[in-house]
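S.K.:
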Amino acid sequence: MKKIIKLEFLILTFIIFVSMGWKGWLIFSGHVPFNADEAVVGLMARHILQGERPVFFYGQSYMGSLDAGLVSLGFLLFGEHIWVIRAVQSLLYLGLLLTTYFLGKEMFSSDKVGLIAAGLLSIPTVNMTLYTTVSLGGYGEALLLGNFILLLTVRLWRRFRVVEAFLWGGLAGLGLWANALTMVYVVPALVFLIVHHRQNIHKMGKMFLWIGLGGFLGAFPWWWYALHHGWYQLVAELTGSAVSVEQVPWLARSGLHLVYFVLLGIPVIFGLRPPWAVEWLAFPLIPFAVAGWGILLFACARLARRQTEVQKGYRLLLGVGVTLIVGFVFTAFGVDPSGRYFLPLAVPLALMAATGACYSQLPRWLRSAALMGIVSFQVVGNLQTGLTYPPGLTTQFHASTIIEHRYDEELIQFLKDQGETRGYTHYWVAYPLAFQSSESLLFVPRLPYHTDLRYTSRDNRYAPYDDLVKSSLRVAYITTNNPALDRLITDGFQRFGITWKEKIIGDYHIFYALSQKVAPEELGIGEKP
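Numbering (my numbering), first residue to last: 76 to 604.
#1: Taking the alpha carbon of S546 as the reference point, which residue from A425, A594 and I564 has its own alpha carbon closest?
#2: Taking only the alpha-carbon atoms, compute the straight-line gap between E354 and V450 and give it to the nearest angstrom.
#3: Please classify Y307 as buried or exposed, where buried requires at least 16 other C-beta atoms within 10 Å of its C-beta.
#4: Counting C-beta neighbours from all protein chains within 10 Å, is the total for G280 16 or more, i.e. buried, or is it exposed?
#5: Am I right that T208 and L468 are in contact with their C-beta atoms under 8 Å? What's the rounded C-beta distance?
#6: Going by DSSP, name the residue or residues bridged to A500.
#7: Could you check which residue in R497, D541, P350 and Q459 has the C-alpha nearest to that of H473?
#8: Under DSSP, the beta strand (DSSP E) around K400 begins and ends at which residues?
#9: Could you tell me which residues DSSP puts in a beta bridge with K578?
#10: Anyone know if the C-beta pair for M182 and L392 falls short of 9 Å?
#11: Give the DSSP-derived three-state secondary structure of A551 in the structure shown.
#12: By the three-class DSSP mapping on this structure, what secondary structure does G494 have?
#13: Just checking my contact of G248 with G215 at CB under 8 Å: how many whole Å lie between their CB atoms?
#14: Which value, in whole angstroms, describes the spacing of the CA atoms of F103 and M95?
#15: Can you list, in chain order, the residues of its chain with a C-beta nearer than 7 Å to that of G396? Leave out the 5 residues immediately preceding and following it.
#16: How long is the line joining the alpha carbons of Q164 and I361, rounded to whole angstroms?
#17: As a quick exercise: from L522, E484 and Y524, pick the residue whose alpha carbon is nearest that of F510.
#18: Can you list, in chain order, the residues of its chain with a C-beta nearer than 7 Å to that of A374? Leave out the 5 residues immediately preceding and following it.
#19: When we look at the beta-carbon of L462 and count the other beta-carbons within 10 Å, is it buried (16 or more) or exposed?
#20: Across which residues does DSSP place G139 in a beta bridge pair?
#21: Among residues of its own chain, excluding the 5 on either side of R328, which ones have a beta-carbon nearer than 6 Å to its beta-carbon?
#22: Could you check if E577 is buried or exposed, using at least 16 other CB atoms within 10 Å of its CB as the buried criterion?
#23: Taking C-alpha atoms, which residue in H332, N202 and T175 lies nearest to F408?
#24: Which runs of the alpha helix (DSSP H) at least 4 residues long sit entirely within the stretch 242-273? Give them in chain order.
#25: With a 10 Å radius around its C-beta and 16 neighbouring C-beta atoms as the bar for buried, classify F358 as buried or exposed.
#26: Indicate the three-state DSSP secondary structure (helix, strand or coil) for R328 in the structure shown.
#27: Whole angstroms are fine: how far does the CA of L426 sit from the CA of W368?
#28: Beta-carbon within less than 6 Å of T406's beta-carbon, same chain only, minus the 5 sequence neighbours each way: which residues are those?
#29: State yes or no: is the C-beta of P129 within less than 9 Å of the C-beta of P466?
#30: By the DSSP assignment, the alpha helix (DSSP H) with F295 in it spans what residues?
#31: Do the stretch 151-161 and the stretch 172-182 touch if we need at least three Cβ pairs shorter than 8 Å?
#32: Using the beta-carbon count (16 or more within 10 Å), is Q453 buried or exposed?
#33: Locate the alpha helix (DSSP H) running through A474, then write down its first and last residues.
#34: Rounded to the nearest angstrom, how far is the Cβ of T500 from that of L522, given a contact under 8 Å?
#35: Does the Cβ of M282 have 16 or more other Cβ atoms within 10 Å, making it buried, or fewer, making it exposed?
#36: Using the beta-carbon count (16 or more within 10 Å), is M447 buried or exposed?
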């Protein structure tokens, strides 16, 4: 028995070593661009250390500041560096691997299922690798909280414990605030506890009372904010109002989302394409990966029809998938099939495949070959994207938002040398520039980045920066790869009789040394803040 336990420990340690080794290489390779959403997290963390207490991600009423809070602890210990932001995400992913192992062990009564599932996630699909390496404000927390919720669900189904019910509710409430994506775990888990309950009505009522109390306390930041700022915006943004840009009837929109899921979602879920492009990854290995997933998932589905223990776990995991797909198709979030909204499917798929590999009556060589096909494909896909720069592993999927960040230091130095510390730019330049310059260079996002010059004031996330730019006697403008915007700026300067200088550094086009200060709205750009 001790030898078996020791072997399992060694295997799990090896899995963690491989995963964290790959994460570490990505963090320090320079092949993962530092983009604006991640920079906002870094800035929030810095401001938390300075005494601010933001409740939500700057500029929105969803996705709480939990991730920024964790990053602020990292900054406190190691300093304010980009690698610290990503090290925090890697630690969250380490927690995901460990909880996946224990989830497989608890749900299917098998250490082997947990080990295989964790192994499949050690170097996962490119989509999973990307969004668990960089921070977008709470996806790593949502995945980890989801695993804990599933783990507690299985334990509560077997035996009611007050502490676990209270903890279940607390984690669900915390997830509602941190990232509402956690609800794709909460909803099916609640349904599972109701449908498959083993307790009498009295114990069921007691369990849900403690779950409700825990949820109330866990979601304290969420409802406290609602009481002070109103409920409508919070509830609206939970269903995707912030990303709702489609101008078609709901039924037609839902049909489009279903098409997006089939054509773009499924390939990114299984790692066949990167989230930022429509192109094949590790093309020669795709048939082996698809066959591997098909064999093991089909085997798991057959087992769920015959074995009660497998059936319960399978239904819970399937519930997560169904909830996510329904949410994607029928809410505004379905407009974005890039990949981040599909992250919660990774663990259920890994556990299902691991169950098929462990319990199926298929020949051992076939099960082993299926696992090797999946693992080999994922490793090659990660290498193909991780070793290719540009674009590297990037969260940007619109061409107008992709910037060559290797020129950031040169840009920062140039602006400092010229004394241009305030000005105007767009979202994808403003916040990386502010973070990397320790907020000595503040350029507010009042310019459009779309080539058709569309602009939304939601890009302008942090009002105190506006005040500092307004009070500055001089400003500069920074654009990237947008000739139409450049012409609009220079035409406006000429109309006002302003003289200026220009400098191009990589993708950055700087308009500086203006003879007089002028705001974008005076040039007919964007909209008034």
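Heads up, the beta-carbon is just placed ideally off N, CA and C, and yes, glycines get one too.
Since we're looking at a predicted model, the values are computed, not measured.
M.R.: According to the data block:
#1: For the purposes of this step, residue 546 is taken as residue 471 along the sequence shown, with counting starting at 1. If we check each option's Cα against that of S546, A594 comes out closest.
#2: Within the sequence shown, the letter at position 279 stands for residue 354. Within the sequence shown, the letter at position 375 stands for residue 450. Their backbone Cα atoms lie some 20 Å apart in a straight line.
#3: For this step, residue 307 is matched to residue 232 along the sequence shown. Burial call: exposed.
#4: Taking the first residue of the sequence shown as position 1, residue 280 is located at position 205. Around the C-beta of G280, fewer than 16 other C-beta atoms lie within 10 Å, and the residue is accordingly described as exposed.
#5: As a first step, residue 208 is located in the sequence shown; it is residue number 133 there, counting from the start. As a first step, residue 468 is located in the sequence shown; it is residue number 393 there, counting from the start. Between T208 and L468, the beta carbon gap of about 7 Å places them in contact (Cβ cut-off 8 Å).
#6: Start at 1 with the first residue of the sequence shown, and residue 500 comes out as number 425. Residue 500 is actually Thr in this sequence, not Ala. DSSP output for T500 lists P520 as bridge partner(s).
#7: Here the question's residue 473 lines up with position 398 in the sequence shown. Among R497, D541, P350 and Q459, the Cα nearest to that of H473 belongs to P350.
#8: Against the sequence shown, residue 400 aligns to sequence position 325. Residue identity differs from the one stated: residue 400 is Ile in this sequence, not Lys. Premise fails: I400 lies in the alpha helix (DSSP H), T383 to F405, not in any beta strand (DSSP E).
#9: Taking the first residue of the sequence shown as 1, we reach residue 578 at position 503. I585.
#10: Stepping through the sequence shown from its first residue, residue 182 is reached at position 107. Stepping through the sequence shown from its first residue, residue 392 is reached at position 317. Against a cut-off of 9 Å, the Cβ pair of L392 and M182 comes out as a contact.
#11: The residue you call residue 551 lines up with position 476 of the sequence shown. DSSP places A551 in strand when its eight states are reduced to three.
#12: The residue you call residue 494 lines up with position 419 of the sequence shown. Coil.
#13: By 1-based counting over the sequence shown, the position of residue 248 is 173. By 1-based counting over the sequence shown, the position of residue 215 is 140. The Cβ separation is near 18 Å, so there is no contact.
#14: Taking the sequence shown and counting its residues from 1, the one referred to as residue 103 is at position 28. Taking the sequence shown and counting its residues from 1, the one referred to as residue 95 is at position 20. The alpha-carbon of F103 is positioned some 12 Å away from that of M95.
#15: Position 321 of the sequence shown, counted from the start, is the residue given in the question as residue 396. Scanning its chain for C-beta atoms nearer than 7 Å, with the 5 sequence neighbours on each side dropped, one finds around G396 the residues L420 and P423, in chain order.
#16: As a working mapping, residue 164 is identified with position 89 in the sequence shown. As a working mapping, residue 361 is identified with position 286 in the sequence shown. Each residue's alpha carbon lies about 28 Å from the other.
#17: For this step, residue 510 is matched to residue 435 along the sequence shown. Of the candidates L522, E484 and Y524, the one whose C-alpha sits nearest the C-alpha of F510 is E484.
#18: One-based indexing of the sequence shown puts residue 374 at position 299. Apart from the 5 residues on each side of it in sequence, A374 sits with its Cβ closer than 7 Å to the Cβ of G431, S435 and L437 in its chain, given in chain order.
#19: Here the question's residue 462 lines up with position 387 in the sequence shown. Residue environment: L462 is assigned as exposed (fewer than 16 neighbouring CB atoms within 10 Å of its CB, all protein chains considered).
#20: In the sequence shown, the residue the question calls residue 139 occupies position 64. Looking at the DSSP output, G139 sits in a beta bridge with F131.
#21: The residue you call residue 328 lines up with position 253 of the sequence shown. Hits under 6 Å: E321.
#22: On the sequence shown, position 502 is the one that residue 577 refers to. It counts as exposed.
#23: Stepping through the sequence shown from its first residue, residue 408 is reached at position 333. The shortest C-alpha separation from F408 is found at H332.
#24: Runs of the alpha helix (DSSP H) inside the stretch 242-273: 258-270.
#25: On the sequence shown, residue 358 is found 283 positions in, with the first residue counted as 1. In summary, F358 is exposed, with fewer than 16 beta-carbon neighbours lying within 10 Å of its beta-carbon over all protein chains present.
#26: Locating residue 328 in the sequence shown gives position 253, where the first residue counts as 1. Here R328 sits in helix by DSSP.
#27: Locating residue 368 in the sequence shown gives position 293, counting from the first residue. Locating residue 426 in the sequence shown gives position 351, counting from the first residue. Roughly 12 Å separates the two Cα atoms.
#28: Translated into positions along the sequence shown, residue 406 becomes position 331. In chain order, T314 and G315 place their CB closer than 6 Å to the CB of T406, counting only its own chain and leaving out the 5 sequence neighbours on each side.
#29: The count along the sequence shown starts at 1 and reaches residue 129 at position 54. The count along the sequence shown starts at 1 and reaches residue 466 at position 391. Result no, Cβ atoms of P129 and P466 do not sit closer than 9 Å.
#30: Against the sequence shown, residue 295 aligns to sequence position 220. Note, F295: alpha helix (DSSP H), F295 to H304.
#31: Contact between the stretch 151-161 and the stretch 172-182 is absent, because fewer than three Cβ pairs lie under 8 Å.
#32: Residue 453 sits at position 378 when you count from the first residue of the sequence shown. Buried: at least 16 other Cβ atoms inside 10 Å.
#33: As a working note, residue 474 is residue 399 in the sequence shown. Counting along the chain, A474 falls outside any alpha helix (DSSP H), and DSSP gives it neither H nor E.
#34: Residue 500 sits at position 425 when you count from the first residue of the sequence shown. Residue 522 sits at position 447 when you count from the first residue of the sequence shown. Rounded, the Cβ-Cβ distance is 6 Å, consistent with contact.
#35: Walking along the sequence shown from the start, residue 282 turns up at place 207. Taking a 10 Å sphere around the C-beta of M282, we find 16 or more other C-beta atoms and assign the residue as buried.
#36: Translated into positions along the sequence shown, residue 447 becomes position 372. Exposed, since its Cβ has fewer than 16 Cβ neighbours within 10 Å.
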